[in-house]
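Asker:
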Amino acid sequence: MKVELYHTSTELKRLFRQEKGIRLATRVRAVYLALKQKTAPEIATLLGYSRRQVQDWIYAYNQKGLDGLKDAPVEAHAAS
Numbered sequence: 001m002k003v004e005l006y007h008t009s010t011e012l013k014r015l016f017r018q019e020k021g022i023r024l025a026t027r028v029r030a031v032y033l034a035l036k037q038k039t040a041p042e043i044a045t046l047l048g049y050s051r052r053q054v055q056d057w058i059y060a061y062n063q064k065g066l067d068g069l070k071d072a073p074v075e076a077h078a079a080s
């Protein structure tokens, strides 16, 4: 899988180890593993997610870096 070099593998490893949020840490770890030449099916098995989900995370990272891996903000609905 092609991974854009926004961060080195050392930086990604540090980021996923320091990240407090499990969701973002898992996504960063997926990018780290892809950078280490693991395939999407291998990463999916290691992390317990679908191959497609892993591919989506790598695509998002390639498009926007770490910002692409963060959860989208939830819009608050106005009270009626």
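Numbering-wise, this note's numbering puts 66 at position 66 of the sequence shown, and it's gapless, one number per residue. Glycine is no exception: its CB is placed at the ideal position from the N, C-alpha and C atoms.
Look up V74 in the DSSP assignment and say whether it is helix, strand or coil.
Answerer: Position 74 of the sequence shown, counted from the start, is the residue given in the question as residue 74. V74: coil per DSSP, three-state reduction.
Asker: Let me know if A40 comes out buried or exposed under the rule of 16 or more other beta-carbons within 10 Å of its beta-carbon.
Answerer: Counting from one through the sequence shown, the residue named residue 40 turns up at place 40. Flag for A40 reads buried.
Asker: Look at R29 and D71 and say whether their C-beta atoms are less than 9 Å apart.
Answerer: Here the question's residue 29 lines up with position 29 in the sequence shown. Here the question's residue 71 lines up with position 71 in the sequence shown. No. Outside cutoff.
Asker: Run through DSSP, which three-state label would T26 get?
Answerer: As a position in the sequence shown, residue 26 is number 26, starting the count at 1. It is helical.
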